[in-house]
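*Asks:* Below is the structure I would like to discuss, written out as structure tokens.
There are 2 protein chains.
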Amino acid sequence: MTDMSTRPASPTLDEVAVLAGVSRATVSRVINDSPRVSPEAREAVQAAVAELRYVPNRMARSLVTRRTDTIALVLNEPNTQVFSDPFFASIVRGLSATLADTDLNLVLLTARDEREQEKVGRYARQGHVDGVILMSLHSQDPLPDILAVAGVPLVLCGRPFDGREVAYVDADNSGGAVVATEHLLGTGRRRIATVTGPLDMIAGVDRYAGWRQALTAAGVEPDPALVAEGDFTEAGGRRAMEELLARAPDLDGVFVASDPMAAGALRALRAAGRRVPEDVAVVGFDDAAVAETTDPPLTTVAQPLADMTPLLTELLMRQIDGVAGPAESRICQTHLVRRASA
Amino acid sequence: MTDMSTRPASPTLDEVAVLAGVSRATVSRVINDSPRVSPEAREAVQAAVAELRYVPNRMARSLVTRRTDTIALVLNEPNTQVFSDPFFASIVRGLSATLADTDLNLVLLTARDEREQEKVGRYARQGHVDGVILMSLHSQDPLPDILAVAGVPLVLCGRPFDGREVAYVDADNSGGAVVATEHLLGTGRRRIATVTGPLDMIAGVDRYAGWRQALTAAGVEPDPALVAEGDFTEAGGRRAMEELLARAPDLDGVFVASDPMAAGALRALRAAGRRVPEDVAVVGFDDAAVAETTDPPLTTVAQPLADMTPLLTELLMRQIDGVAGPAESRICQTHLVRRASA
DNA sequence: GTGAAAGCGCTAACAA
DNA sequence: TTGTTAGCGCTTTCAC
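Residue numbers (my numbering), protein chains in the order written: chain A, 1 to 342; chain B, 1 to 342.
Encoded structure:
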């Protein structure tokens with residue numbers, strides 16, 4: 001077991017400076033794309049950098065600039081199953097795509113219990129990241145407070161449950177549900193059920209609220225028998241739909257609060273011998289805005305992910321740069337997508 | 001738009017020292033749990049730390065210690081769908097559980113294309129992390145070379161395709177497949193099929209090899225008609241099983257290379273009117289080693305995740321501490337689990 | 001356009 | 001046990 005603790009010491013700025021025949025300051029200027037460098041000096045430095053395979057030491061740089069050029073996406077969720085949530089995957093993909101052209105790095109942090117939340121909080125406060133995008137899917141979450149106290153720039157992905165003063169970006173969930181329900185109403189349906197999301201998630205609550213709102217506005221009294229709570233999964237959607245069919249066999253339409261659940265609901269409907277959409281019309285809410293979901297409902301409300309991810313980083317950067325107003329937030333419009341086969 | 005770029009300047013070690021009436025060095029010692037501090041000094045410092053809400057500046061510390069106390073789990077995978085892979089989720093969960101008791105942080109990095117791989121490589125080389133655990137599920141991956149050249153400690157999660165000199169931890173995939181196939185052989189079956197994983201993933205290749213090996217050892221010639229390639233998903237497993245049933249209706253057993261695929265295979269078998277296990281016996285390979293999978297096969301080979309995650313961090317830490325032999329690797333034993341209903 | 005010099009906040013000898 | 005001192009590698013005034 002030889003002692004290998006002597007890792008190939010990476011070259012420093014000084015060594016580059018010596019090799020290039022200039023001062024440290026000049027090398028630094030070249031590294032940082034300062035315009036105040038002569039072409040000759042620039043070339044000499046670049047050659048030296050290439051020869052030495054020089055990579056700036058981030059710690060040294062961050063110590064003085066107070067920037068790490070990395071932001072964290074924190075996933076605050078006790079359930080490991082979130083990873084399989086298409087919405088989560090889409091956000092990750094969208095964020096890294098947004099940052100691909102920049103020199104910002106994205107790291108994912110997970111926090112499954114209070115200890116891990118503390119750890120994430122510490123990580124952020126210690127200065128590892130410039131800011132945090134937080135996805136906390138369920139109601140209670142201490143992280144916003146931890147980070148706020150520490151003054152770490154923060155944007156929530158999803159409207160917070162309490163009306164707290166914090167920046168966030170969310171889709172217009174209730175608006176989307178209203179549109180979906182109005183679409184069903186517009187085809188003459190009146191016994192419109194809903195398979196809700198989990199009611200301890202804001203997206204579940206808001207979509208349910210939208211369903212109620214649209215019905216009420218149309219003079220239809222929301223019937224508790226027409227409401228079944230799902231869990232955003234296909235299996236849960238199927239179960240909820242079966243429940244609804246047992247409780248209210250006369251339903252003629254259903255707004256399903258997520259696309260996987262809609263796929264499950266469709267299976268339940270077909271298993272029960274109901275025809276779709278002739279007999280029962282289905283509108284789903286597509287978190288991932290993916291067209292090629294397995295067994296999709298005929299019409300869906302698309303989550304505006306393409307709008308959300310750039311906004312998340314933009315709002316965060318504004319805070320980091322210190323040019324953000326208090327708790328600047330945004331709601332992105334959702335829109336109905338009618339499938340060809342509808 | 002007021003200028004808020006003046007974030008609440010966090011207190012420094014000096015301020016703590018002044019408040020506690022000691023020197024910086026003493027504060028540093030207390031922070032780092034040095035035993036060479038008097039109880040009184042320790043208390044005074046701790047009080048000051050609490051009062052000032054002092055949090056050490058990681059950049060300054062790392063600059064001198066050359067440690068960041070964070071390791072990265074890099075997910076090198078073009079397909080976003082990996083997130084829904086139970087194996088991946090289990091590894092993440094296992095790693096953060098392993099690190100929960102330590103002061104090491106875990107960050108997830110994703111790399112979907114060459115640009116993102118470069119970015120991840122840069123991130124690591126710049127010194128943001130002490131080491132990298134790399135999950136590269138498909139064959140070609142430039143990251144090991146990038147990191148190796150830069151001297152960044154690296155452990156692969158999964159045996160590399162080429163026989164390269166690099167540390168890795170993997171399950172005994174071929175051994176597990178052998179055990180599974182032998183189990184089927186032991187019940188007197190001879191027409192044993194297999195639903196393989198993707199053959200551009202090492203786990204797929206190794207499990208397929210184990211199936212061949214067990215058959216050959218038992219004097220049974222592997223029949224190409226009894227092989228169908230799946231993609232580790234339930235839908236893929238169902239498709240592959242249907243293919244097998246069409247091609248070789250006389251099969252009397254099947255080794256399915258993942259649990260989700262096994263669930264799909266079971267559905268295909270039932271849809272075809274086959275009885276399980278009387279008619280066709282099924283053994284699945286359970287990557288997540290989760291007992292409560294939907295619709296599980298009767299008998300499974302369990303992936304030894306509980307062994308793998310501690311080993312991954314252990315091997316990585318040994319490299320970081322410079323006490324690792326060249327490319328130290330480990331294979332973890334898999335084992336057959338017979339379900340009660342079997 | 002370039003260099004000299006002063007730190008950023010911390011740790012780690014080395015003295016005391 | 002404690003304090004003093006010298007950096008870690010970089011950016012950034014400020015002179016030149």
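Think of the CB as a built atom: it goes at the ideal place given N, C-alpha and C, for glycine as much as any other residue.
Are three or more beta carbon pairs between the region 312-320 of chain A and the region 214-227 of chain A nearer than 8 Å?
*Replies:* Judged by Cβ distances under 8 Å, the region 312-320 of chain A makes no contact with the region 214-227 of chain A, as fewer than three pairs qualify.
*Asks:* Distance cutoff 8 Å, beta carbons only. Does F255 of chain A sit that close to anything in chain B?
*Replies:* So, not an interface residue.
*Asks:* For M1 of chain A, count neighbouring Cβ atoms within 10 angstroms of its own Cβ and tell me buried if that reaches 16, exposed if not.
*Replies:* Residue confidence is low: M1 of chain A scores 34 on pLDDT, short of 50, so the model does not pin down where it sits. No coordinate-derived value is stated.
*Asks:* Under three-state DSSP, which class holds G273 of chain A?
*Replies:* The answer is coil: DSSP assigns G273 of chain A none of H, G, I, E or B.
*Asks:* Taking C-beta to C-beta, are A288 of chain A and D259 of chain A nearer than 8 Å?
*Replies:* Cβ atoms of A288 of chain A and D259 of chain A: closer than 8 Å.
*Asks:* For V107 of chain A and R122 of chain B, what's the separation of their Cα atoms in angstroms?
*Replies:* Using only the alpha carbons, I get a separation of about 13 Å.
*Asks:* Does the region 237-249 of chain A come close enough to the region 266-276 of chain A to have 3 or more Cβ pairs within less than 8 Å?
*Replies:* The region 237-249 of chain A, when compared against the region 266-276 of chain A, does touch it at the 8 Å Cβ threshold.
*Asks:* What's the gap between the Cα of N76 of chain A and the Cα of Q117 of chain A?
*Replies:* Approximately 8 Å between the Cα atoms of the pair.
*Asks:* Apart from the five residues on each side of it in sequence, which residues of its chain come closer than 6 Å, Cβ to Cβ, to T26 of chain A?
*Replies:* Once the five neighbours on either side are set aside, the close Cβ partners of T26 of chain A are A41.
*Asks:* Helix, strand or coil: which one does DSSP assign to H335 of chain B?
*Replies:* Three-state DSSP puts H335 of chain B in a strand.
*Asks:* Using a cut-off of 7 Å between C-beta atoms, extract the partners of G127 of chain B located in chain A.
*Replies:* Those within 7 Å of G127 of chain B in chain A are N57, R58, M59.
*Asks:* Measuring only between beta-carbons, confirm whether T110 of chain A sits less than 8 Å from chain B.
*Replies:* Closer than 8 Å: yes.
*Asks:* Find the residues of chain A that neighbour Y123 of chain B, judging by a C-beta separation of less than 9 Å, and give them in chain order.
*Replies:* Residues of chain A passing the Cβ test: R58, T70, N105, V107.
*Asks:* For the beta strand (DSSP E) that N105 of chain A lies in, which residues bound it at each end?
*Replies:* Where N105 of chain A is concerned, the enclosing beta strand (DSSP E) stretches over 105-111.
*Asks:* Would L244 of chain B pass as a contact of V301 of chain B if the rule is Cβ separation under 8 Å?
*Replies:* Cβ atoms of L244 of chain B and V301 of chain B: not closer than 8 Å.
*Asks:* With a CB to CB cut of under 7 Å and the five nearest residues on each side skipped, what residues in its chain are close to D14 of chain A?
*Replies:* Closer than 7 Å at Cβ, skipping near neighbours: R24.
*Asks:* Closest by CA to F255 of chain A, which one among A:L298, A:A246, A:N79?
*Replies:* Comparing Cα-Cα distances from F255 of chain A to each of A:L298, A:A246, A:N79, the minimum goes to A:L298.
*Asks:* E243 of chain B versus chain A: which residues are under 7 Å apart at the beta carbon?
*Replies:* Under the 7 Å cutoff, chain A gives no residues; its nearest Cβ is about 19 Å from E243 of chain B.
*Asks:* What first and last residue would you give for the beta strand (DSSP E) that runs through A97 of chain A?
*Replies:* No beta strand (DSSP E) contains A97 of chain A, which is instead part of the alpha helix (DSSP H) from 86-100.
*Asks:* Taking C-beta pairs closer than 8 Å, name the residues in chain B that S62 of chain A reaches, listed in chain order.
*Replies:* Correct list: M59.
*Asks:* What are the boundary residues of the beta strand (DSSP E) that G253 of chain B is part of?
*Replies:* G253 of chain B -> beta strand (DSSP E) spans 253-256.
*Asks:* Just to confirm before moving on: does the CB-CB distance between V45 of chain A and V30 of chain A stay below 8 Å?
*Replies:* A contact, by the Cβ cut-off of 8 Å.
*Asks:* Would you identify the three-state DSSP class for L298 of chain B, choosing helix, strand or coil?
*Replies:* Here L298 of chain B sits in coil by DSSP.
*Asks:* Counting only beta-carbon separations shorter than 8 Å, does A265 of chain B have a partner in chain A?
*Replies:* No, no contact with chain A.
*Asks:* Taking G96 of chain B as the query, report the chain A residues whose CB atoms sit under 8 Å from its CB, ordered along the chain.
*Replies:* In the sequence on display, residue 96 of chain B carries Ser and not Gly. By Cβ distance, chain A contributes T110, R112, E116.
*Asks:* Closer than 8 Å is the cut-off here; do at least three beta carbon pairs connect the region 165-174 of chain B with the region 207-215 of chain B?
*Replies:* The region 165-174 of chain B, when compared against the region 207-215 of chain B, does touch it at the 8 Å Cβ threshold.
*Asks:* In angstroms, rounded to a whole number, what distance separates the CA positions of N79 of chain A and D85 of chain A?
*Replies:* Cα to Cα, the separation comes out at about 11 Å.
*Asks:* I need the DSSP call for D141 of chain B, collapsed to helix, strand or coil.
*Replies:* Three-state result, D141 of chain B: coil.
*Asks:* T233 of chain A: which of A:L52, A:D130, A:R267, A:A111 sits nearest, CA to CA?
*Replies:* The candidate whose alpha carbon is nearest that of T233 of chain A is A:R267.
*Asks:* Ends of the beta strand (DSSP E) at G197 of chain B?
*Replies:* Element bounds for G197 of chain B: n/a, residue is neither H nor E.
*Asks:* Buried or exposed for T216 of chain A, please, with buried defined as at least 16 other CB atoms from any protein chain shown within 10 angstroms of its CB.
*Replies:* So T216 of chain A counts as exposed.
*Asks:* Give me the Cα-Cα distance between H138 of chain B and C157 of chain B, rounded to the nearest whole angstrom.
*Replies:* Cα to Cα, H138 of chain B sits roughly 12 Å from C157 of chain B.
*Asks:* Report yes or no: is there a C-beta of chain B within less than 8 Å of the C-beta of A100 of chain A?
*Replies:* Chain B, which has a Cβ nearer than 8 Å to the Cβ of A100 of chain A, makes this yes.
*Asks:* Report the rounded CA-to-CA distance for D200 of chain B versus L311 of chain A, giving the unit in angstroms.
*Replies:* Each residue's alpha carbon lies about 37 Å from the other.
*Asks:* Just reading off the alpha helix (DSSP H) that S28 of chain A is part of, what are its end residues?
*Replies:* Per DSSP, S28 of chain A belongs to the alpha helix (DSSP H) from 24-31.
*Asks:* Between which two residues does the alpha helix (DSSP H) carrying G175 of chain B extend?
*Replies:* Element bounds for G175 of chain B: 173-186.
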